[in-house]
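Following: one structure in structure tokens, then a few remarks.
Residue numbers (the numbering used here): 751 to 900.
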């Protein structure tokens with residue numbers, strides 16, 4: 751019976767040791783999985799950031815490509831227009847520069863300036879004379895005070 755008890759105790763020790771080893775192995779596996787999970791989360795964040803950056807760059811690329819296509823079309827249009835030669839236009843007479851300048855008409859401007867100046871000057875003199883209330887002769891004084899002047 752002692753032998754059976756010793757065998758049972760030894761078996762218990764082996765089972766306890768196996769359970770302890772399994773526990774440590776499971777704990778180590780859990781730590782590794784936790785580290786792997788954290789790394790995967792980090793890579794997922796980087797992937798999302800790169801995906802957003804990719805979408806922005808793709809939009810810029812498409813806008814630049816459309817701009818390039820429009821500019822290329824304009825260049826083609828300009829090339830076609832430059833290649834067209836209009837044969838229905840001919841120079842009949844060459845243009846000549848006028849001998850007398852068309853503008854400014856200095857003589858007319860001087861005459862009009864003098865005329866307008868005289869008109870305004872005459873009007874100003876007439877208005878100033880009509881607004882003048884001063885007495886200019888002894889007869890006006892006699893009429894105003896109704897007596898004779900000395």
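For each residue, glycine too, the CB sits at the ideal point set by N, CA and C. A quick note: this is a predicted structure, and the numbers were derived from the prediction, not measured.
At a Cβ-Cβ threshold of 8 Å, residue 885 and residue 874 do not count as neighbours. Cβ atoms of residue 892 and residue 898 come within 8 Å of each other, at about 6 Å.
Boundaries of the alpha helix (DSSP H) around residue 868: 856-881. Assignment of residue 846 by DSSP, reduced to helix, strand and coil, places it in the coil class. Secondary structure at residue 825: helix, using DSSP grouped into helix, strand and coil. Linking residue 754 to residue 791 through their CA atoms gives a straight-line distance of about 54 Å. Per DSSP, reduced to three states, the secondary structure at residue 886 is coil, with no helix or strand assignment.
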